[in-house]
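Reviewing the structure listed below.
Number of protein chains: 2
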Amino acid sequence: MPDIDQTDLEILRLLQHNAELTNKEISAKLHKSVAAVHERVRRLKEQGYIKRVVAILDRKKIDRSLIAFSHVLLKDHSANTLSSFEKEVIRFPEVMECFQMTGTFDFILRIATADMDAYHVFYRKLATLPNITTVQSFFVLSETKSDTAYPL
Amino acid sequence: MPDIDQTDLEILRLLQHNAELTNKEISAKLHKSVAAVHERVRRLKEQGYIKRVVAILDRKKIDRSLIAFSHVLLKDHSANTLSSFEKEVIRFPEVMECFQMTGTFDFILRIATADMDAYHVFYRKLATLPNITTVQSFFVLSETKSDTAYPL
DNA sequence: TCTAATCACCGGAAAATTTACGGTTTATTG
DNA sequence: CAATAAACCGTAAATTTTCCGGTGATTAGA
Chain A
149 MPDIDQTDLE ILRLLQHNAE LTNKEISAKL HKSVAAVHER VRRLKEQGYI
199 KRVVAILDRK KIDRSLIAFS HVLLKDHSAN TLSSFEKEVI RFPEVMECFQ
249 MTGTFDFILR IATADMDAYH VFYRKLATLP NITTVQSFFV LSETKSDTAY
299 PL
Chain B
149 MPDIDQTDLE ILRLLQHNAE LTNKEISAKL HKSVAAVHER VRRLKEQGYI
199 KRVVAILDRK KIDRSLIAFS HVLLKDHSAN TLSSFEKEVI RFPEVMECFQ
249 MTGTFDFILR IATADMDAYH VFYRKLATLP NITTVQSFFV LSETKSDTAY
299 PL
């Protein structure tokens with residue numbers, strides 16, 4: 149597995165925070181030519197280090213003021229129960245993320261809705277899924293830090 | 149307030165999933181001119197609907213195989229205790245996100261590390277912060293869904 | 001050691017995209 | 001219903017991306 153060097157890491161660092169940087173701007177920071185940077189970025193995408201490039205929206209401006217974490221406990225842990233829960237839960241548009249977890253509950257969901265009413269609607273939809281024992285909901289009071297970039 | 153129409157929503161929808169789309173590609177999908185799309189995207193950025201454009205990395209390829217959620221309970225909830233905890237916790241590179249929460253604990257942290265050893269190192273650093281009562285750690289077994297895009 | 005192969009790099013040119021601009025249509029408003 | 005503003009369009013200029021041939025450094029094998 150051909151590894152990546154310090155220059156690649158620096159490119160990833162930059163693009164994680166601002167993918168609108170031009171190759172010219174990057175090349176200036178790294179003291180390399182535009183062509184060299186271009187080839188490296190191309191490779192980092194091709195090899196899958198960069199999965200995709202996305203726009204991050206201001207969620208309050210698009211009416212997603214409420215974020216909740218929901219802890220879900222299932223009745224049992226048969227392959228069937230687990231996979232059918234997963235298949236159903238990813239269909240809910242309110243579910244931004246879903247992780248199967250170790251510990252005292254089975255899944256953590258991150259839910260984004262307009263407000264508590266909308267969360268309530270979601271909650272009742274979720275609770276109708278089969279094999280769910282409990283759903284515990286926790287609500288975000290304030291966002292202290294929210295980062296998509298890994299330190300490198 | 150919503151000086152944003154259906155066309156703008158469609159643009160946001162597209163760019164949330166792939167911000168590498170050219171204005172030409174977008175204009176083809178929306179049956180508008182390149183110039184019209186360009187002006188709308190410019191406005192959506194200027195007005196803050198699009199906060200930023202970032203590269204999403206494959207965390208396993210950059211050695212962040214372990215994701216944990218840590219629930220933190222503080223000793224008290226004085227303004228001082230809260231704000232000094234927040235100020236300290238955002239400095240840890242392992243902390244990708246930090247939310248103050250309602251409920252039986254005060255903060256949820258999302259932690260990304262290479263492995264359990266690295267999490268342990270983080271845990272011991274975190275535990276030395278003043279005014280922390282308990283830290284409960286939950287580990288991700290598998291990622292069922294992970295999305296940065298809000299449905300619009 | 002020498003030679004061949006590979007790799008990252010470079011500058012420059014071609015292709016494509018972004019950005020700026022003037023003018024037209026469409027929508028809003030007094 | 002005229003005046004004004006807003007959204008749109010095509011074109012052209014500026015900039016960026018992408019392609020290409022060639023150079024020097026590094027490595028592997030003869």
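Protein sequences appear in the order of chains A and B. With our numbering applied, the first sequence covers 149 to 300. With our numbering applied, the second sequence covers 149 to 300. The beta carbon of each residue, even a glycine, is placed where N, CA and C say it ideally should be. For clarity, every value in this text was computed on a predicted model and none was experimentally measured.
Item: When the cut-off is 9 angstroms and only beta carbons count, does tyrosine 197(A) lie next to chain B?; Value: yes
Item: Checking contacts by CB at 9 angstroms: is threonine 282(A) closer than that to chain B?; Value: no
Item: Which same chain residues, not among the five before or five after alanine 262(B), have their C-beta less than 6 angstroms away from its C-beta?; Value: Asp211
Item: Short of 8 angstroms in beta carbon distance, which residues of its chain neighbour glutamate 236(A), apart from the five on each side in sequence? Order them along the chain.; Value: Leu277
Item: Use the C-beta contact count for threonine 281(B): other C-beta atoms within 10 angstroms, 16 or more gives buried, fewer gives exposed.; Value: exposed
Item: Under 7 angstroms Cβ-Cβ, which residues of chain A neighbour leucine 300(B)?; Value: Ile210
Item: Measure from the alpha carbon of glutamate 168(A) to the alpha carbon of each residue in Val202(A), Leu214(A), Lys209(A), then state which is nearest.; Value: Val202(A)
Item: Just to confirm the assignment: which complete alpha helix (DSSP H) runs, minimum length 4, are found wholly within the stretch 266-298 of chain B?; Value: none
Item: How far does the alpha helix (DSSP H) with arginine 161(A) in it extend, from its first residue to its last?; Value: 154-165
Item: Using a beta-carbon distance below 9 angstroms, is histidine 165(A) in contact with chain B?; Value: yes
Item: Identify which residue in Ala216(A), Met264(A), Asp156(A) has its Cα closest to the Cα of lysine 177(A).; Value: Asp156(A)
Item: Roughly how many angstroms lie between the CA atoms of phenylalanine 240(B) and leucine 274(B), to the nearest whole one?; Value: 9 angstroms
Item: Do the stretch 188-203 of chain B and the stretch 205-223 of chain A make contact, defined as three or more Cβ pairs closer than 8 angstroms?; Value: yes
Item: Mapping the DSSP letters down to three states, classify lysine 199(B) as helix, strand or coil.; Value: strand
Item: Taking its Cβ as the centre, do 16 or more other Cβ atoms sit within 10 Å of aspartate 128(A), making it buried, or is it exposed?; Value: This structure cannot speak to residue 128(A), because chain A is shown only from 149 to 300.
Item: Can you tell me which residues form a DSSP beta bridge with histidine 219(A)?; Value: Ile256(A), Gln284(A)
Item: Does the distance from the C-beta atom of threonine 292(B) to that of glutamine 164(A) stay below 9 angstroms?; Value: no
Item: Going along chain B in order, which residues have a C-beta closer than 7 angstroms to the C-beta of aspartate 206(A)?; Value: Gly196, Tyr197, Lys199
Item: Where do the N-terminal and C-terminal ends of the beta strand (DSSP E) with glutamate 168(A) fall, by residue?; Value: No beta strand (DSSP E) contains glutamate 168(A), which DSSP labels as neither H nor E.
Item: Just reading off the alpha helix (DSSP H) that phenylalanine 233(A) is part of, what are its end residues?; Value: 227-237
Item: Closer than 9 angstroms, CB to CB, is alanine 266(B) near chain A or not?; Value: no
Item: Taking Cβ positions only, does isoleucine 259(B) come closer than 9 angstroms to chain A?; Value: no
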